[in-house]
Ligand SMILES: C[S@@+](CC[C@H](N)C(=O)[O-])C[C@H]1O[C@@H](n2cnc3c(N)ncnc32)[C@H](O)[C@@H]1O
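Numbering (the numbering used here), first residue to last: 3 to 225.
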C-alpha cells in the first residue's frame, strides 16, 4: 500500500480534541487514502478483499446478502466482482449499480421478512458488517454483538444454499456464543482478523463455511 506524507491538523477552537484526533487518524490512514483512490466508500473494503482473496467468498453471478452495508464499500466490491447483491442497512444508502438496497433494522422481524421476500430463493454468501452502537461498556457491547451475531446466524440458516458461506463481524468475547450457534450448521468455523482492522479495535470476524441445511460435522481453527 502506497504511503503518503503525514498530515498534521492545527487545533481549532470550533472542534473538540477527540474530533481532531479522529480527523487526523482518517487523513493519515493508508487504507482510507487507498479506498478513496480506488473509488470505494469506506476503508472496510480491504477487510473483505483480504478475506475474499484467501477464502473465495464472492463469485461472479452468485447471490450475496450484505447486512449493515452502508456506506457501501462491501456491496461495491461484490458488485464489481459480478455478484448479485442485496444490501441492507438501518441508514439510507446511496445507490450502487447492480446492487438492490433495502433500508431497515435487521433485528426487526418485518425487515428479515422483507429480505426473504426480495430474495425469493437461496444465496451463496451472507455478509454481516453490522456494528451495533458502541456504549464503551464492555459487557453491554459484547451482549449487543452476540444478539446481532445470533440473529445473523439464524437468518443465514434460512437463506443459505448447501455449501454457502457466512462472514460476521463480532467483538472479542462474543465469538463463543455465536460459534456455538453456528457449529451445528457449518463444516468449518474460523476467526479472522484482517490487516485493515485497526490495532486498537476489538473486532474480529467469524467465517463459517460449508453450510449444510441438514446439519454438519464441524472442524474449527484460528485464522
Ligand atoms: C461498519 S459499518 C458497515 C460498513 C460497510 N461494510 C461498508 O463497507 O461500507 C456498520 C453498519 O451497520 C449498520 N447497522 C447497525 N445496526 C444495524 C441494524 N440493526 N440493522 C441494519 N444495519 C445496522 C450501521 O448503520 C452501519 O452502516
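Heads up, the beta-carbon is just placed ideally off N, CA and C, and yes, glycines get one too.
For residue 206 and residue 174, the gap between their C-alpha atoms comes out near 6 angstroms.
Under the three-state reduction of DSSP output, residue 61 falls in the coil class, being neither helix nor strand. Annotation: the continuous beta strand (DSSP E) that includes residue 168 extends over 162–173. Partner residues in the beta bridge of residue 221, as assigned by DSSP, are 190. Take residue 159, set aside five residues on each side of it, and the residues of its chain with a beta-carbon closer than 6 angstroms to its own are 187, in chain order. Close CB contacts of residue 93 within its chain, under the 7 angstroms cut and outside five residues either way in sequence, are with 72 (chain order). Taking C-alpha positions only, residue 179 is separated from residue 136 by approximately 19 angstroms. Shown here, residue 137 sits in coil according to DSSP, grouped into three states, outside any helix or strand. The residue among 51, 15, 43, 35 with its C-alpha nearest the C-alpha of residue 197 is 51. Residue range 101–105 is occupied by the beta strand (DSSP E) that includes residue 105.
Per DSSP, residue 199 lies in no beta strand (DSSP E) segment and is marked neither H nor E.
DSSP, reduced to helix, strand and coil, places residue 151 within a helical segment of the structure shown. Within its own chain, the residues whose Cβ lies closer than 6 angstroms to the Cβ of residue 150, once the five positions on either side in sequence are excluded, are 132, 134, listed in chain order.
Assignment of residue 116 by DSSP, reduced to helix, strand and coil, places it in the helix class. In this structure, residue 60 and residue 68 do not form a Cβ contact; the two beta carbons are roughly 10 angstroms apart against a cut-off of 8 angstroms. Not one heavy atom of ligand 1 is found less than 7 angstroms from the C-beta of residue 20. Nearest in C-alpha terms to residue 214, of all of 121, 125, 204, 171, is 125. The closest heavy atom of ligand 1 lies less than 7 angstroms from the beta carbon of residue 75.
Scanning its chain for C-beta atoms nearer than 6 angstroms, with the 5 sequence neighbours on each side dropped, one finds around residue 195 the residues 206, in chain order.
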